[in-house]
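Step one of this worksheet: look at the structure below.
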């Protein structure tokens, strides 16, 4: 589903990704772990088409298409979803309006008719319940005045509504208490299916107790330094990143 | 130019007028003859070049060549058919197009011309006493040509069920002509009123001139929401002065939407003349092409414990220009004043520009007064965020532009008015459904 091949990228002329290769198949959950500054969030954002980064080498395909050649909206329409590490506030536009606009654009791109507004409300209500929220959340402006945890939960709500083929979660677990973490995990697990893939970018092993990955990759200084099964995450938790990076992390 | 206005003044019809009116008109004419039109050397008009408006006299407006039908008016109207509506065509009251059922004991909704003829005693204590001829050269010119406009008299304790619509239409045959609408709104103690004042050109090419003055008197503990919608012809000039006098513990909120006219200027002046009074002023201007849209507000805090809250926003595209000037004046008596002013401009093109100026004059020491102005383009991050959800760039830009507008639209409290405003703004910004 996702093939990343020797990918290099810079921000402000500084090289952050230094040749990353990764293969994610449908039905799989991959975890990308690494210390701060290793490039794991950059990888997530480059795959979604963030304008702050320039790809300087290598490539990436998504469902056989050249991902890097696509606009951010085309990637979303093809089924890629990035849960942002720092979700953006959009005062003035309600969650319901924003999500319906996105939902319909994705349908339109696939040649499907727009959803009936009433049907959309039903769909949204169901997803809102799934993330253990009340209906008032639909009327609130997108992320505006949300707490950090609410913003993360809102990303999961968006993901649940848009039902992507590939969901990339960029540190969705950071700053969450245990209850919120379970809501996030529940949302992600409900999306797991043989047709979908999930990439979890995280600093800690904690979320992986609830979403068990098929593969774990460790990033350091813009490169994957080790890949393994789910036990690699536990080993990292026990030994610390220094074990693989050779550099002690300052917490 | 002054001579031409003078001869038009001399030709004004007399008729059955209260004796004090000719004196008020004459003082207006004489004041305008003294000052002439403002020039760009005048600090108050520095960023607002008047062009033709400062050089030539506009002839008096005439009746439309073809009378307007109700259907034609409906297309240019605002709000719901059940709202009471006073419709003016080319400056004169059109009873056949208006809808005014009796609204309650003592409520008067009529044309100013009719009120001058029938109930001058209700008009005299206020007309020209709040927005006097010396306020600006254009209020003087308006006073000189007082003939018609809307008159509302809302007795103490009255709560109106629906917003009242004042609709000023100018037909396509009025190029080179002027109207001087003069409105007086008197709201009694404890009354609750929603008022919509709408200016509309019937086509987009007529270069006419609207020179409006509206005086609003808000009684003790009264609540008023005053919505002003300027959608004049794209070639027209619109100059307006609104003056609000507030009694103790009254709550006045205004929303000013400016979208039309080649040149528009609105002065909104409110006086918090008694303790515990509140004024909330919101504005949204949307301009493109070569439009210039100017908002000048002045809030006088004259007594203690008053609050004023002001948010004006502008969306400027192409080569449009915006002007904002916000005066807040706090007298030595006005302790515990709470005043906040915000002006935000969104530029959609590199050729658009805005001149924004806060002007705070504070003579009391125990006050909370703040102001802030921002000018900028659409942020890259919200744009990427929206696109990353599948929304194409062009649509995402429109959506975020609408979001910028919707945030201030949300401050309109009367649901039906807010929803109608939302439709007007969405249509202008190319957005199908509301947020």
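Residue numbers (this note's numbering), protein chains in the order written: chain A, 1 to 251; chain B, 252 to 686. The beta-carbon is built from N, C-alpha and C at its ideal position, and this holds for glycine as well.
| task | Using a cut-off of 7 Å between C-beta atoms, extract the partners of residue 48/A located in chain B. | result | Under the 7 Å cutoff, chain B gives 639.
Inset, instruction - Answer yes or no: does any C-beta atom of chain A fall closer than 8 Å to that of residue 584/B? - result: Any Cβ of chain A closer than 8 Å to the Cβ of residue 584/B would place that residue at the interface, and such an atom is absent.
*Under 7 Å by beta carbon: chain B residues contacting residue 252/A*: Residue 252/A lies beyond the range of chain A shown here (1 to 251); nothing can be said about it.
What does the alpha-carbon distance come out to for the pair residue 293/B and residue 434/B?
C-alpha separation (whole angstroms): 27 Å.
Item to check | residue 159/A in three-state terms, based on DSSP | outcome: Of the three classes helix, strand and coil, the one that applies to residue 159/A here is helix, per DSSP.
Check your understanding: Would the region 295-303 of chain B and the region 578-598 of chain B be scored as touching if the rule is three or more Cβ pairs under 8 Å?
Key -> Touching, no.
* To do: Select from 370/B, 372/B, 328/B the residue whose C-alpha is nearest the C-alpha of residue 415/B.
  => Among 370/B, 372/B, 328/B, the Cα nearest to that of residue 415/B is on 328/B.
- Message: Does residue 640/B come out as helix, strand or coil in the three-state DSSP assignment?
- Response: Assignment of residue 640/B by DSSP, reduced to helix, strand and coil, places it in the coil class.
Notebook entry, point to check: Can you tell me where the alpha helix (DSSP H) with residue 256/B in it begins and where it stops?
Noted result: According to the DSSP assignment, residue 256/B belongs to the alpha helix (DSSP H) that extends over 253-261.
Checklist entry - Going along chain A, which residues have a C-beta under 8 Å from residue 636/B? => result Residue 636/B reaches chain A at 84, 87, 88, 90, counting residues in chain order whose Cβ is nearer than 8 Å.
| message | For residue 530/B, list the residues DSSP reports as bridge partners. | response | Paired residue(s): 503/B, 559/B.
Bridge partners - residue 223/A, DSSP secondary structure assignment
Answer by DSSP bridge pairing, in chain order: 220/A.
Quiz prompt | C-alpha gap between residue 160/A and residue 510/B, whole angstroms | solution = Cα to Cα, residue 160/A sits roughly 39 Å from residue 510/B.
Determine whether the Cβ of residue 644/B lies closer than 8 Å to any Cβ atom of chain A. The beta-carbon of residue 644/B is placed less than 8 Å from the nearest beta-carbon of chain A.
Can you find a heavy atom of the ligand NAP that lies under 7 Å from the Cβ of residue 575/B? The ligand NAP is not among the ligands present in this structure, which contains no ligands whatsoever.
- Task: Pull out every residue of the region 644-665 of chain B whose Cβ sits closer than 9 Å to any Cβ of chain A, in chain order.
- Result: 644, 646, 647, 650, 651, 653, 654, 655, 656, 657, 658, 659, 660, 661: these are the residues of the region 644-665 of chain B whose beta carbon lies less than 9 Å from some beta carbon of chain A, given in chain order.
Against chain A, with Cβ distances strictly below 8 Å, would residue 631/B count as a contact? Residue 631/B counts as touching chain A.
Taking C-alpha atoms, which residue in 395/B, 320/B, 618/B, 596/B lies nearest to residue 608/B?
Of the candidates 395/B, 320/B, 618/B, 596/B, the residue whose Cα lies closest to the Cα of residue 608/B is 596/B.
Would you mind reading off the limits of the beta strand (DSSP E) that contains residue 52/A? Going by DSSP, residue 52/A is part of no beta strand (DSSP E) at all; its letter is neither H nor E.
Nearest to residue 208/A by CA position, among 233/A, 56/A, 243/A, is which residue? Selected option, being the one with the closest Cα: 233/A.
Which residues does DSSP pair with residue 488/B in a beta bridge?
-> Answer is 460/B, 514/B.
Listed by chain order, chain C residues near residue 162/A by CB distance under 8 Å: No chain C appears in the structure shown, which is made up of the protein chains A and B.
So what's residue 281/B in DSSP terms, helix, strand or just coil?
Helix.
Apply the 10 Å Cβ neighbour rule to residue 93/A and answer buried if 16 or more other Cβ atoms are within range, or exposed otherwise. Buried: at least 16 other Cβ atoms inside 10 Å.
Q. What are the boundary residues of the alpha helix (DSSP H) that includes residue 371/B?
A. The continuous alpha helix (DSSP H) containing residue 371/B extends over residues 371-374.
Taking CB distances under 8 Å as the criterion, tell me whether residue 71/A reaches chain B. Yes, contact with chain B.
Checking 8 Å against the spacing of the C-beta atoms, do residue 87/A and residue 154/A come in under that value?
Yes; because the gap between Cβ atoms is below 8 Å, this pair is in contact.
Original post:
Under 8 Å Cβ-Cβ, which residues of chain B neighbour residue 51/A?
Top reply: Correct list: 631, 635.
Residue 342/B to residue 495/B span [Cα, whole Å] = So the alpha carbons of these two residues sit roughly 22 Å apart.
Worksheet item: For the putative contact between residue 204/A and residue 170/A, defined by C-beta atoms under 8 Å, what is the C-beta separation to the nearest angstrom?
Response: In fact, because the Cβ distance is near 14 Å, the residues do not count as touching under 8 Å.
### Query
Taking the C-alpha atoms as reference points, what is the distance between residue 271/B and residue 277/B?
The C-alpha of residue 277/B is placed about 10 Å away from the C-alpha of residue 271/B.
Do you know how far the Cα of residue 217/A is from the Cα of residue 15/A? Take the alpha-carbon of residue 15/A and the one of residue 217/A: they are about 20 Å apart.
### Query
Relative to the C-alpha of residue 65/A, which residue among 41/A, 220/A, 4/A is closest?
Comparing alpha carbon positions, the residue from 41/A, 220/A, 4/A closest to residue 65/A is 4/A.
TODO: Have a look at the DSSP bridge pairing and note the partners of residue 41/A.
DONE: DSSP lists no partner for residue 41/A.
Looking at chain B, is there any beta carbon in it that lies within less than 8 Å of the beta carbon of residue 223/A? Closer than 8 Å: no.
Problem - Burial state of residue 551/B, where buried means 16 or more other Cβ atoms lie within 10 Å - result: When all chains shown are included, residue 551/B counts as buried.
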